[in-house]
Amino acid sequence: MKASDLFVKCLENEGVRYIFGIPGEENTDFVESLNGSDVELILVHHEQAAAFMADVYGRLTGKPGVCLATLGPGATNLLTGIGDAYLDHAPVVAITGQAGLERIHKESHQYVDIIGVFEKVTKWNQQIRVAHTIPEIVRKAFKQAVLEKPGAVHIELPEDIAMTETEGEPLPVTPIPASSPSKREIQKAAEVINRAKKPIILAGNGVFRDGATEALREFAEAKNIPVVNTFMAKGVLPSNHPLSLYTVGMQAKDYVLCGFDQADLIITAGYDFVEYLPKYWNDEAMNPIIHIDSLPAEVDVYYPLAAELVGNVKEGIEALSPLVEGKELWPEVKKLKAQLVEKLHASDELSGSPVKPQRIIADIKKAEKGEAIIISDVGAHKLWIARLYQPEKPNHTIISNGWASMGIAVPGAIAAKLAHPEKPVIAVTGDGGFLMNGVELATAKRLGLAFVIVIFHDAKFGLIEWKQLNKFNRSSDIAFTDPDFLEFAKSFGVKGMKVSHSDDLLPALEKAIASQEIVLIDVDVDYSENVKLSKTLGDYICRI
2 MKASDLFVKC LENEGVRYIF GIPGEENTDF VESLNGSDVE LILVHHEQAA AFMADVYGRL
62 TGKPGVCLAT LGPGATNLLT GIGDAYLDHA PVVAITGQAG LERIHKESHQ YVDIIGVFEK
122 VTKWNQQIRV AHTIPEIVRK AFKQAVLEKP GAVHIELPED IAMTETEGEP LPVTPIPASS
182 PSKREIQKAA EVINRAKKPI ILAGNGVFRD GATEALREFA EAKNIPVVNT FMAKGVLPSN
242 HPLSLYTVGM QAKDYVLCGF DQADLIITAG YDFVEYLPKY WNDEAMNPII HIDSLPAEVD
302 VYYPLAAELV GNVKEGIEAL SPLVEGKELW PEVKKLKAQL VEKLHASDEL SGSPVKPQRI
362 IADIKKAEKG EAIIISDVGA HKLWIARLYQ PEKPNHTIIS NGWASMGIAV PGAIAAKLAH
422 PEKPVIAVTG DGGFLMNGVE LATAKRLGLA FVIVIFHDAK FGLIEWKQLN KFNRSSDIAF
482 TDPDFLEFAK SFGVKGMKVS HSDDLLPALE KAIASQEIVL IDVDVDYSEN VKLSKTLGDY
542 ICRI
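Structure below.
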């Protein structure tokens, strides 16, 4: 058989359903081998979008998302999405074509060293030089992609290797063994927690990756310990849960920090340093840390370890639970929760035109009724979502956090709908981020998908303006001219709605969700609250 046929057989063996990408001259044998296979090639319009789709698919399913590009510019176009998967620990396998081995030692058309280019944004990165090694390389790639901590890997298939005749069979897919923390560290952690008067839990993305959501909730409830989540762990507890102190992640002393300020011990579960550095939530290294994660903790002066439970997060929590005594909920928590609820919802009913970001987020929450997967792009709206939007279910809010890349929302919504066709999906984006990959509306329409896009429309790079105003008290070089988004959507056969007043937003959202079609809602947003939020962050510090 051809080497490319063997490669595809190996992908089928790994359970791959979709590959997101674009054919090119140097991957034509691979694409030909996909014909008639169980693997569907999702044709996109830009390789960056393909990598974002693989990224979000991996986050939502726990299985590697797969993306494809040809050599040169096709491969480098994947880099932004690959970097996002690498820093946010999403399992992704990237496959790229390459020039034949006979010409990569010299200057050659479209040839650059893609293995070298990808080295710093992948966990593992390998060129196939001998066809019969394909089963080993593919199996290793998929294993590395999901091995804690997950991330992006890359396989390069030169065009002459792809067409080589070879023999071989896919290797068996074996389960990833779960490691367990040492009994000594579990005992030490239990003793530290039992001595604490005001412990608090910081839940990170690893709670979802290790399937530890239920274990964490049961532990928190049994021991009466409040829980704060990072941007990427939203939904670890339902928003109305009495122990949920919502989200931390603004690079300032935001109101959630009052919980950390009051605490005398912080238990981190599945926390990745890339989510939010400890210096922002453990000021002056005042609190000791119980670290529960798949890998040892990063060395950081603001992260003083009292115990380190290295292994599967779910197993660590379950092993710790019987040794930890139940506590009385420290009295400040109820007062803090009440203040947080008041502040989170204080602006839900703001009326007017243009629409305040608080009102947009509140109406999205009302319209989706706790069921939707929300894909947030990056921009000023992301910070409002991170602060105000509290989902009811785990792993239903996808935010590009470590890489913080614009352009992820529309491709991400496509991947989310393919991963979970039964769930409503809402892509929330700014106009700047939307225009980066808005062309993928054509892909979504071709696939017959249904989801809602909400554009926060201000004709600026609003987050950059926010930063400029905070730093220089003026802004520059951030304004641009938008197209007519409704006409843009119409050109792809997509319905569009314009919202300029807050009273029209909720009906538009409800109608769009119910339509079971792709619907774009263009909302004129009033971002005058941005700087106000920054200047009043200190007011949110609770004095209990």
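Under the numbering used here, residues 2 to 545 are what the sequence shown spells out, in order.
Beta carbons: idealized from backbone N, C-alpha and C, even for Gly.
Bear in mind the structure is a predicted one, so any value in this text is a computation, not a measurement.
query	result
Chain D within 8 angstroms of residue 90, Cβ atoms only	Among the chains of the structure shown, chain D does not appear; only one protein chain is present.
Residue environment, residue 233, which counts as buried when at least 16 other CB atoms sit within 10 Å	buried
Residue 540, DSSP secondary structure in three states	Confidence at residue 540 is low in this model, with a pLDDT of 48, below 50, so the placement of that residue should be treated as unreliable; the coordinate-derived value is given next. Note: residue 540 maps to helix in three-state DSSP.
Extent of the continuous alpha helix (DSSP H) to which residue 54 belongs	48-62
Complete runs of the beta strand (DSSP E) confined to the region 124-158 [at least 3 residues]	125-128
Residue 270 versus residue 173 - alpha carbon distance	32 angstroms
Endpoints, the alpha helix (DSSP H) within which residue 162 is located	160-163
Three CB pairs or more closer than 8 angstroms across the region 411-422 and the region 52-71	yes
Separation of residue 340 from residue 422, as counted between CA atoms	37 angstroms
Residue 193 versus residue 224: straight-line alpha-carbon distance, rounded	14 angstroms
Neighbour-count burial assignment, residue 541, 16 or more Cβ in a 10 Å radius	Because the pLDDT at residue 541 is just 44, under 50, the model does not fix this residue reliably, and the point stays unresolved.
Three-state secondary structure (DSSP) of residue 298	coil
Coarse secondary structure for residue 71, derived from DSSP in three states	coil
Local conformation of residue 382 per DSSP, three classes	helix
Backbone secondary structure at residue 41 - three-state DSSP	strand
Reference residue 343, options 241, 392 and 407, closest by Cα	241
Sufficient close CB pairs (3 or more, under 8 angstroms) joining the region 42-50 to the region 118-138	no
Spatial distance of residue 154 from residue 76 (CA atoms)	13 angstroms
Through-space distance from residue 428 to residue 418, alpha-carbon basis	11 angstroms
Coarse secondary structure for residue 545, derived from DSSP in three states	Note that residue 545 scores a pLDDT of 38, beneath 50, so its modelled location is shaky; the value from the coordinates is reported in the next line. The answer is coil: DSSP assigns residue 545 none of H, G, I, E or B.
Segment contact, 8 angstroms Cβ cut-off, at least three pairs: the region 311-326 with the region 209-217	yes
Burial state of residue 480, where buried means 16 or more other Cβ atoms lie within 10 Å	exposed
Where the alpha helix (DSSP H) through residue 523 begins and ends	Note, residue 523: premise wrong, no alpha helix (DSSP H); beta strand (DSSP E) at 520-525.
Other residues of its chain near residue 527: CB distance less than 6 angstroms, five sequence neighbours each side excluded	355 and 357
Close Cβ partners of residue 539 (< 6 angstroms) along its chain, the five nearest in sequence each way excluded	The predicted model places residue 539 with a pLDDT of 45, which falls under 50 and marks its position as unreliable; any figure quoted below should be read in that light. Around residue 539: no qualifying Cβ.
Option in 294, 169, 323 and 283 with minimal Cα separation from residue 305	283
Counted within 10 angstroms of its Cβ, other Cβ atoms place residue 449 as buried (16 or more) or exposed	exposed
Sheet register partners of residue 230 (DSSP bridge)	204 and 248
Residue(s) in a DSSP beta bridge with residue 292	269 and 309
Residue 82 versus residue 195 - alpha carbon distance	43 angstroms
Pair within 8 angstroms by beta-carbon distance, residue 279 and residue 301	yes
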